[in-house]
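In what follows, a structure is listed as structure tokens, so that the remarks can point back to it.
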Amino acid sequence: MSAPLKLFEACQLFTFEGIVRKIQPFGNGHINDTYRVDTITPADGHTYVVQRINQHVFTKPWQVMENMAAVTAHIAGKVKEAGGDVSREVLTIVPTKDGAHFVIDEDGNYWRACRLISGTVTYETGEHPQVMYEAGWAFGRFLAQLDDFPVSQLHETIPDFHNTPRRLMQFEQVVSTDPVQRAGAVQAEIQFMLARANDCGGAVDGLASGKLPLRVTHNDTKINNVLLDERSGKSLCVIDLDTVMPGCVLYDFGDLIRSAASLTEEDEPEAEQAGISVAGFEHLARGYLAAANDILTDDEVNQLVYGAWLITYEQALRFLADYLNGDCYYKIQHSHHNLDRARVQIGLVRSIENHWDELQKIIHKYGPGDKE
């Protein structure tokens with residue numbers, strides 16, 4: 004991925020310190036096009052991250068940036084109050100020379116820029132217990148820092164992003180139409196999903212009834228979205244804020260567990276190896292609850308394990324539906340790729356069910372007081 008001409012033009016409109024010296028592709032994200040931009044001044048140099056926002060995923064990119072600007076400003080205030088380092092504990096958006104948070108090029112592309120936080124490291128998996136603890140703590144602190152943010156001020160940048168009953172309806176429709184004639188060979192997987200259909204509305208119903216509070220949620224709580232200090236190993240801040248919007252904490256905690264406490268990769272072809280790492284779950288939960296205990300309600304704490312089950316069930320629905328629909332959404336490397344992914348998620352759902360009581364004991368071990 005080479006740097007497009009439009010990026011050079013966009014860089015001239017941001018308030019970068021110095022003159023652009025070098026631009027190169029950066030990171031391994033799958034949504035936005037991301038570049039590292041190095042500048043130089045007579046005295047020193049500076050580094051920035053510039054991204055072209057994917058407008059197929061985010062159809063209203065200005066809303067993404069309004070959310071991001073509001074949330075980072077709020078977190079920066081919290082960091083200052085705590086005597087922390089704002090330059091390292093929250094993303095800093097670089098404004099344009101006109102004071103905007105993005106540049107629109109002549110082709111209608113939206114570009115944004117942030118300062119690169121140096122001396123940091125990210126991990127793709129949580130193989131080390133301390134990394135898992137720090138990742139859990141970072142997302143728990145993110146939730147706590149935004150506890151008093153007026154959630155009604157945020158845009159829902161992807162409507163129904165986490166709405167499991169809606170995903171179930173879409174799945175059932177694909178099963179009934181069977182557009183590419185694949186349903187007959189995967190009846191076991193289909194029946195597994197349908198047998199649990201009545202259990203998938205807990206988060207949506209809880210929000211609707213007020214039993215679960217609507218919160219500012221990250222909605223992409225992967226372990227590689229946490230920056231850690233490369234010297235101390237301590238977490239600094241959460242990144243990739245495109246999907247920050249109103250939501251339910253069960254999905255955020257659940258996706259952290261689903262992605263970081265799984266015994267296998269997401270597309271492991273040997274699905275029988277899939278399952279939950281109980282030890283990994285404990286490291287993540289211990290960190291998360293250490294940071295978020297003070298703001299979580301009893302109902303939220305009691306349903307955190309359900310959250311892990313729910314988001315995994317939802318992801319299984321999405322993978323299996325895409326397979327039945329002819330692989331229209333997720334990129335695949337072979338014809339059974341989405342089926343392999345779905346089977347891994349199904350194995351993880353089954354494993355969470357089998358370890359339910361054990362996982363609940365872990366939550367209550369680190370949760371505030373007796374939540375029974």
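Quick note, the sequence shown lines up with residues 4 to 375 if you use my numbering.
C-beta: ideal position from N, C-alpha, C; glycine also.
Burial state of residue i (16 or more Cβ within 10 Å)
i	result
V124	exposed
V219	buried
R261	buried
P378	The structure shown does not extend to residue 378, since the chain is modelled only from 4 through 375, so no value can be given for it.
D373	Because D373 carries a pLDDT of 44, less than 50, the predicted location of this residue cannot be relied on, and the following value inherits that uncertainty. Its Cβ having fewer than 16 others within 10 Å, D373 is exposed.
C331	exposed
I56	buried
F105	buried
S265	buried
S5	Residue confidence for S5 is low, a pLDDT of 47 falling below 50, so the modelled location carries little weight; the figure read from the coordinates is stated next. Its Cβ having fewer than 16 others within 10 Å, S5 is exposed.
T315	buried
T75	buried
F11	exposed
N112	buried
E375	With a pLDDT of 38 at E375, under the threshold of 50, the modelled position of that residue is not reliable, and no figure is offered here.
E109	exposed
V352	buried
N70	buried
V67	buried
D302	exposed
H221	buried
G102	exposed
I22	exposed
E273	exposed
D208	exposed
A191	exposed
A294	buried
Q156	exposed
Q27	exposed
Residues near residue i in its chain [Cβ-Cβ closer than 6 Å; skip 5 each side]
i	result
A141	V229, S238 and V241
A116	F17, Y51, V53 and V97
G310	L253, F256 and G257
E285	I365
D360	none
H158	Q66 and N70
D163	R169
Q318	Q348
Close beta carbons around residue i, own chain, < 8 Å, minus the five adjacent residues each side
i	result
F322	Y333, N341, L342, R344, A345 and Q348
T128	I226 and A263
V177	A324, L327 and N328
E271	A277, D343 and V347
F3	In the structure as shown, the chain starts at 4 and stops at 375, and residue 3 therefore has no counterpart that could be examined.
T62	none
Residue i and residue j closer than 8 Å at C-beta
i	j	result
T160	T246	yes
A206	T167	yes
C203	L313	yes
M135	G283	yes
G422	V304	In this structure the chain extends from 4 to 375, so residue 422 is not present and cannot be described.
L320	F195	no
R91	I120	yes
D36	K25	no
W114	A13	yes
P216	T300	yes
K81	Q148	yes
H165	G30	no
I279	S354	yes
Proximal residues to residue i (C-beta, below 7 Å), its chain only, five neighbours per side dropped
i	result
A79	V89 and V93
N296	G370 and P371
I335	N341
L210	L217 and C251
E269	R344 and V347
Presumed contact (8 Å Cβ cut-off) between residue i and residue j, rounded CB distance
i	j	result
G122	E233	5 Å
G139	Y291	4 Å
I298	L146	7 Å
G48	Q133	Actually they are not in contact, since the Cβ atoms of G48 and Q133 sit about 32 Å apart, beyond 8 Å.
A186	I193	6 Å
L231	E137	6 Å
V281	H358	6 Å
L259	L287	6 Å
V60	I34	6 Å
Minimum Cβ-Cβ distance from residue i to chain D less than 8 Å
i	result
R199	No chain D appears in the structure shown, which is made up of a single protein chain.
What are the complete alpha helix (DSSP H) segments, minimum 4 residues, inside the segment 63-146?
-> 64-84 and 89-92
Which runs of the alpha helix (DSSP H), 4 residues or longer, sit entirely within the segment 244-287?
-> 252-263
Segments of 4+ residues assigned as alpha helix (DSSP H) that fall wholly inside the segment 144-211 | 167-180 and 190-198
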